[in-house]
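**Q**
Number of protein chains: 2
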Amino acid sequence: MTEGATGRTHPTEQSPLAIVCCGGSIPFAVADMVQRNGRPVVLFPCRGWADRDAVRHYRHHWVAIAQLGRFSRLARQEGCSDVVFIGSLVRPPLMQLRLDWLTLRALPRIVRAYRGGDDHLLSGVARIFEWLGFRVVGAHEIAPEILVREGPLTAMKPSERDQSDIAQGLALLAATGRFDIGQAAVIAANRVLAIEAAEGTDRMLKRVAELRAEGRIGLPRGVGVLVKAPKPQQDRRIDLPTIGPSTVEAVARAGLAGLAITAGSGIVAEPDKVARAADAARIFVVGVPSLRATP
Amino acid sequence: MTEGATGRTHPTEQSPLAIVCCGGSIPFAVADMVQRNGRPVVLFPCRGWADRDAVRHYRHHWVAIAQLGRFSRLARQEGCSDVVFIGSLVRPPLMQLRLDWLTLRALPRIVRAYRGGDDHLLSGVARIFEWLGFRVVGAHEIAPEILVREGPLTAMKPSERDQSDIAQGLALLAATGRFDIGQAAVIAANRVLAIEAAEGTDRMLKRVAELRAEGRIGLPRGVGVLVKAPKPQQDRRIDLPTIGPSTVEAVARAGLAGLAITAGSGIVAEPDKVARAADAARIFVVGVPSLRATP
Chain L
1 MTEGATGRTH PTEQSPLAIV CCGGSIPFAV ADMVQRNGRP VVLFPCRGWA DRDAVRHYRH
61 HWVAIAQLGR FSRLARQEGC SDVVFIGSLV RPPLMQLRLD WLTLRALPRI VRAYRGGDDH
121 LLSGVARIFE WLGFRVVGAH EIAPEILVRE GPLTAMKPSE RDQSDIAQGL ALLAATGRFD
181 IGQAAVIAAN RVLAIEAAEG TDRMLKRVAE LRAEGRIGLP RGVGVLVKAP KPQQDRRIDL
241 PTIGPSTVEA VARAGLAGLA ITAGSGIVAE PDKVARAADA ARIFVVGVPS LRATP
Chain X
1 MTEGATGRTH PTEQSPLAIV CCGGSIPFAV ADMVQRNGRP VVLFPCRGWA DRDAVRHYRH
61 HWVAIAQLGR FSRLARQEGC SDVVFIGSLV RPPLMQLRLD WLTLRALPRI VRAYRGGDDH
121 LLSGVARIFE WLGFRVVGAH EIAPEILVRE GPLTAMKPSE RDQSDIAQGL ALLAATGRFD
181 IGQAAVIAAN RVLAIEAAEG TDRMLKRVAE LRAEGRIGLP RGVGVLVKAP KPQQDRRIDL
241 PTIGPSTVEA VARAGLAGLA ITAGSGIVAE PDKVARAADA ARIFVVGVPS LRATP
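If you read the sequences in order, they're chains L and X.
Just so you know, we're using my numbering here: the first sequence kicks off at 1 and counts up by one.
Just so you know, we're using my numbering here: the second sequence kicks off at 1 and counts up by one.
#1: So for residue 17 of chain L, helix, strand or coil by DSSP?
#2: Give the DSSP-derived three-state secondary structure of residue 274 of chain L in the structure shown.
#3: If you pair each beta-carbon of the segment 275-284 of chain L with each one of the segment 47-59 of chain X, do three or more pairs fall below 8 Å?
#4: Work out the CA separation of residue 27 of chain L and residue 94 of chain X for me, nearest whole Å.
#5: Once the 5 residues before and after residue 181 of chain L are set aside, which same chain residues still bring their CB inside 6 Å of it?
#6: Identify each residue in the segment 181-193 of chain L for which the Cβ-Cβ distance to at least one residue of chain X is less than 7 Å, and report them in chain order.
#7: Pull up the distance between the alpha-carbon of residue 130 of chain X and that of residue 136 of chain X, whole angstroms please.
#8: Mind reading off the beta-carbon distance from residue 251 of chain X to residue 259 of chain X? Whole number of angstroms is fine, and I expect it under 8 Å.
#9: Identify each residue in the segment 209-220 of chain X for which the Cβ-Cβ distance to at least one residue of chain L is less than 8 Å, and report them in chain order.
#10: Indicate whether at least one CB of chain X lies closer than 9 Å to the CB of residue 291 of chain L.
#11: Indicate whether residue 224 of chain L and residue 193 of chain L have their beta-carbon atoms separated by less than 9 Å.
#12: Taking 9 Å as the CB-CB cut-off, is residue 179 of chain X touching chain L?
#13: Please identify the residue among L:290, L:164 and L:79 whose C-alpha is closest to the C-alpha of residue 232 of chain L.
#14: Go to residue 228 of chain L, then tell me how far its beta strand (DSSP E) extends in each direction, as first and last residue.
#15: Would the beta-carbon of residue 184 of chain L fall within 9 Å of that of residue 228 of chain L?
#16: Please state the DSSP three-state secondary structure of residue 255 of chain X.
#17: Closer than 9 Å, CB to CB, is residue 198 of chain X near chain L or not?
#18: Here's the rule: buried if 16 or more other CB atoms are within 10 angstroms of the residue's CB, otherwise exposed. What is residue 177 of chain X?
#19: Between which two residues does the beta strand (DSSP E) carrying residue 41 of chain X extend?
#20: Can you tell me which residues form a DSSP beta bridge with residue 147 of chain X?
#21: In chain order, what residues of the same chain lie with their CB nearer than 7 Å to the CB of residue 15 of chain L, ignoring the 5 residues before and after it?
#22: Would you decide whether residue 90 of chain L is buried or exposed? Buried here means 16 or more other CB atoms lie within 10 Å of its CB.
#23: From residue 276 of chain L to residue 68 of chain L, what does the alpha carbon distance come to, in whole angstroms?
#24: DSSP three-state call for residue 198 of chain X: helix, strand or coil?
#25: Cα separation between residue 42 of chain L and residue 255 of chain L?
#26: Buried or exposed: which applies to residue 160 of chain L, given that a residue is buried once 16 or more other Cβ atoms fall within 10 Å of its Cβ?
#27: With DSSP as the reference, please indicate the residues paired to residue 135 of chain L in a beta bridge.
#28: Determine whether the beta carbon atoms of residue 84 of chain L and residue 167 of chain L lie at a separation below 9 Å.
#29: In the DSSP assignment, find the unbroken alpha helix (DSSP H) run with residue 69 of chain X in it and report its ends.
#30: Check the Cβ of residue 207 of chain L against every Cβ in chain X and list those closer than 8 Å, keeping chain order.
#31: CB-CB under 6 Å to residue 40 of chain L, same chain, minus the five flanking residues each way: which ones, in chain order?
#32: Look up residue 193 of chain X in the DSSP assignment and say whether it is helix, strand or coil.
#33: Answer yes or no: do residue 147 of chain X and residue 263 of chain X have a C-beta to C-beta separation smaller than 9 Å?
#34: Buried or exposed: which applies to residue 59 of chain L, given that a residue is buried once 16 or more other Cβ atoms fall within 10 Å of its Cβ?
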C-alpha cells in the first residue's frame, strides 16, 4: 500500500456509502438495496452521465468526471470512507476532463491509466481513489443480491442450438479477454455476428439489428444469443458485465433468441423488470457458469 | 474426391479462366494481370454486386448468386475448367437466392455450408464448384503479383507505437481466428477499438470514425492501426484479406495512423492507387509477417 495523498480515512461498515454514479439505472438499484439493508448512501452523480430525475430521490452531490478534489472533500464531509463505482462509464476524452488541484496532482497516474484498454483504465481509477484514502468496494460486495444466479430468469429457456451458441460465445470471450476488450459477443447458429470492443453492448446490438434489416445475416428471427462475461483479469470492483431492461429491448430488436450472462459475476439491474420485459418479448435471459480463461 | 454432378472437365493451363466477380475493384485488377500473362478470361459478374461499368471491358456473362446451372452451362460453353472467386461476397439471405435446377440439387450442400461462420460458408462454396467438375483456384495462385510484400508501400512508415499496435492486432486475430470471424481489428495505443465480425471492414472503420467524432476514443488523430490478417484455417483459394484505395480512405476517415496487412497472404488491389491515396492522406500501408495461430 502506498502512502495516500490526503491521509487514509477509517472505514467503518456503517459509514455512509459513497456511490459514484454514471449512466443507466443500476446505480439506483444498488442504492436501494444498500439502504434496504440499513446502510445510508450518498450519491455522487457524474454530470452528463447520471439520470437527473432519478438522482433527486437520494442525498447527492453532482461531480464532474475527474473533479477528484471536490469529490474527496464532499465525501469526507459526509463521513464516507467506502466508495463504489456503478454504471456505464464511457472513457471521457482526456482534454475534456475538468481538472481541479487534486486531479492535477493525480495527473501522471491518470495518464498512465489511460494508456491501454478499459480494464487498465478502470483499475487505474480504483488505484487513484485508494491513493486518496478511500476504500474501493465492488457493487457485488455491498449488494450481493445484484449478481446473476445460475438458471433462467424467464419463462423462455435456451434451446439446444442456443446452448451451443452460448458455449461458443463464452469460449470466444475467454480467448479475447486477455486483450482487454469488450465483455460481449453475439453468436447465431455457431456464427459470430459481432464482438464488442470500444463501442459498448448497446451499439453492438444495434449493428446486429441493422445487419439483419439489410438481409446480411441470413438467419430467421429468434436465432442467436447475446453472451456477456467478465474479462478474466478484470478488476471486479469496478466493471462487471451488466444487463438491464434496455439490454433486453436491444436484444429483442436485434431479433435474437435471448441473452446469457455469467452467474456470480454478471449484474442484473431490476431483475423483475428484466424478466417482465423478456417474457413480453418472448426471449430468454439465463445465468450461466463462467468459463475459465484460456491461458 | 467425390463423383461430380455433371462430369469433370479437363483443366488445361491455357483454357480461359472463369472469374466469378463480386464487389470491389479487385476482380478487374486480377483479370488484367491474368490477361497480361497471356491467358484469356471470362467474367461471371454477380448481379447486384459487381460493378456494371467495369464489367463492360471484359468478355462476361451476368449470373445471379446461386444460379449454378446457368454458370455451369455458360462456363462449359466458354471452355473454362478453372474458376476463381474474387471480391467481397456478402452472405446473401438463403431465401433471396434465385434457385435453378442444379442449385436445387446442390441445396443440401448449400444449407450445410450456411451453418457456421464465413470460412465454413466459403469452403462449402468451393466444394460445391468442385462437385460441379470445376477446379477452384485462388487469386494468389493465378496472379501472385496481387499478394502484399513485406515492408511499407508508402512514404510514411509505422512508428514504434504503431508497431506495438500491429503486434497486438496480429496476436488478437490469431486468438480469434479459430472462431471463424473477421480478418481485421483496430488497435490504438494498445487498446482494441474494434474487431470485425459479420459487418465487414468498411463498416468497422466507419464505427471507429463515429466513436472518434463522438469523443469516445480519447486519443488524437494519427494514433491507431487497422490490422488485417487471414484466419489460420482459412481456405486461401476463396477469401484472403484484401485492401484497396477505398480501404485507405476509410482508414484516413477513422483518423488512424495507417494499416498493416499480412505479407504473402494479403491482397492489395491497385497497389499504385493505394500508395498514392495513402501518401496523400499521410498514412502508412505496410506488409507485415503473419503470426502463427495460437493453438
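Beta carbons: idealized from backbone N, C-alpha and C, even for Gly.
**A** Reading off the structure:
#1: In the first sequence, the residue the question calls residue 17 of chain L occupies position 17. The answer is strand: DSSP assigns residue 17 of chain L an E or B state.
#2: Counting from 1 along the first sequence, the entry for residue 274 of chain L is found at position 274. The answer is helix: DSSP assigns residue 274 of chain L an H, G or I state.
#3: Touching, no.
#4: Taking the first residue of the second sequence as 1, we reach residue 94 of chain X at position 94. Taking the first residue of the first sequence as 1, we reach residue 27 of chain L at position 27. With a pLDDT of 42 at residue 94 of chain X, under the threshold of 50, the predicted position of this residue should be treated as unreliable, though the coordinate-derived value follows. A direct Cα-to-Cα measurement between residue 94 of chain X and residue 27 of chain L gives close to 44 Å.
#5: Indexing the first sequence from 1 puts residue 181 of chain L at position 181. Listed in chain order, the non-local C-beta contacts of residue 181 of chain L below 6 Å within the same chain comprise 197, local neighbours out to five positions each way being set aside.
#6: Within the segment 181-193 of chain L, the qualifying residues are 181, 189, 190, 191, 192 and 193.
#7: Within the second sequence, residue 130 of chain X is the residue found at index 130, counting from 1. Within the second sequence, residue 136 of chain X is the residue found at index 136, counting from 1. When the Cα atoms are used, residue 130 of chain X and residue 136 of chain X turn out to be separated by approximately 7 Å.
#8: Position 251 of the second sequence, counted from the first residue, corresponds to residue 251 of chain X. Position 259 of the second sequence, counted from the first residue, corresponds to residue 259 of chain X. Yes, they are in contact, since the Cβ atoms of residue 251 of chain X and residue 259 of chain X sit about 5 Å apart, within 8 Å.
#9: 211, 215, 216, 217 and 218
#10: Taking the first residue of the first sequence as 1, we reach residue 291 of chain L at position 291. So no, residue 291 of chain L is outside the interface.
#11: By 1-based counting over the first sequence, the position of residue 224 of chain L is 224. By 1-based counting over the first sequence, the position of residue 193 of chain L is 193. Cβ atoms of residue 224 of chain L and residue 193 of chain L: closer than 9 Å.
#12: As a working note, residue 179 of chain X is residue 179 in the second sequence. Cβ-Cβ to chain L under 9 Å: yes for residue 179 of chain X.
#13: Residue mapping note: residue 232 of chain L aligns to position 232 of the first sequence, counting from 1. Closest by alpha carbon: L:290.
#14: Counting from 1 along the first sequence, the entry for residue 228 of chain L is found at position 228. Counting along the chain, the beta strand (DSSP E) containing residue 228 of chain L begins and ends at 225-228.
#15: The count along the first sequence starts at 1 and reaches residue 184 of chain L at position 184. The count along the first sequence starts at 1 and reaches residue 228 of chain L at position 228. It is a contact, given that the beta carbons lie within the stated cut-off.
#16: Stepping through the second sequence from its first residue, residue 255 of chain X is reached at position 255. Reduced to three states, the DSSP call for residue 255 of chain X is coil.
#17: Locating residue 198 of chain X in the second sequence gives position 198, counting from the first residue. Closer than 9 Å to some Cβ of chain L, the Cβ of residue 198 of chain X qualifies, so yes.
#18: On the second sequence, position 177 is the one that residue 177 of chain X refers to. So residue 177 of chain X counts as buried.
#19: Position 41 of the second sequence, counted from the first residue, corresponds to residue 41 of chain X. Looking at the DSSP string, the run of the beta strand (DSSP E) that includes residue 41 of chain X is 41-45.
#20: Residue numbering aside, residue 147 of chain X sits at position 147 when the second sequence is read from its first letter. Beta-bridge pairing links residue 147 of chain X to X:267.
#21: To locate residue 15 of chain L, count along the first sequence from 1; it is residue 15. The residues are 79, 80, 81 and 82.
#22: Reading the first sequence from its first residue, position 90 is the one you call residue 90 of chain L. Low confidence applies here, because residue 90 of chain L scores a pLDDT of 46, under 50, leaving its location unreliable; read the following figure in that light. It is buried - the Cβ of residue 90 of chain L has at least 16 other Cβ atoms within 10 Å.
#23: To locate residue 276 of chain L, count along the first sequence from 1; it is residue 276. To locate residue 68 of chain L, count along the first sequence from 1; it is residue 68. Their backbone Cα atoms lie some 39 Å apart in a straight line.
#24: Mapped onto the second sequence, residue 198 of chain X falls at position 198. DSSP places residue 198 of chain X in coil when its eight states are reduced to three.
#25: The residue given as residue 42 of chain L occupies position 42 in the first sequence. The residue given as residue 255 of chain L occupies position 255 in the first sequence. If you draw a straight line from the Cα of residue 42 of chain L to the Cα of residue 255 of chain L, it comes to about 39 Å.
#26: For the purposes of this step, residue 160 of chain L is identified with residue 160 of the first sequence, where counting begins at 1. Under this definition residue 160 of chain L is an exposed residue.
#27: One-based indexing of the first sequence puts residue 135 of chain L at position 135. Bridge partners of residue 135 of chain L: L:82.
#28: The residue given as residue 84 of chain L occupies position 84 in the first sequence. The residue given as residue 167 of chain L occupies position 167 in the first sequence. The answer is no: Cβ separation not under 9 Å.
#29: Counting from 1 along the second sequence, the entry for residue 69 of chain X is found at position 69. Taken as a continuous stretch (DSSP letters only), the alpha helix (DSSP H) holding residue 69 of chain X covers 68-77.
#30: As a first step, residue 207 of chain L must be located in the first sequence, where it is residue number 207. In chain order: 199, 203 and 207.
#31: Counting from 1 along the first sequence, the entry for residue 40 of chain L is found at position 40. Once the five neighbours on either side are set aside, the close Cβ partners of residue 40 of chain L are 16.
#32: Working through the second sequence from its first residue, we reach residue 193 of chain X at position 193. The answer is strand: DSSP assigns residue 193 of chain X an E or B state.
#33: Translated into positions along the second sequence, residue 147 of chain X becomes position 147. Translated into positions along the second sequence, residue 263 of chain X becomes position 263. Cβ distance < 9 Å, so residue 147 of chain X and residue 263 of chain X count as in contact.
#34: On the first sequence, residue 59 of chain L is found 59 positions in, with the first residue counted as 1. Exposed is the call here.
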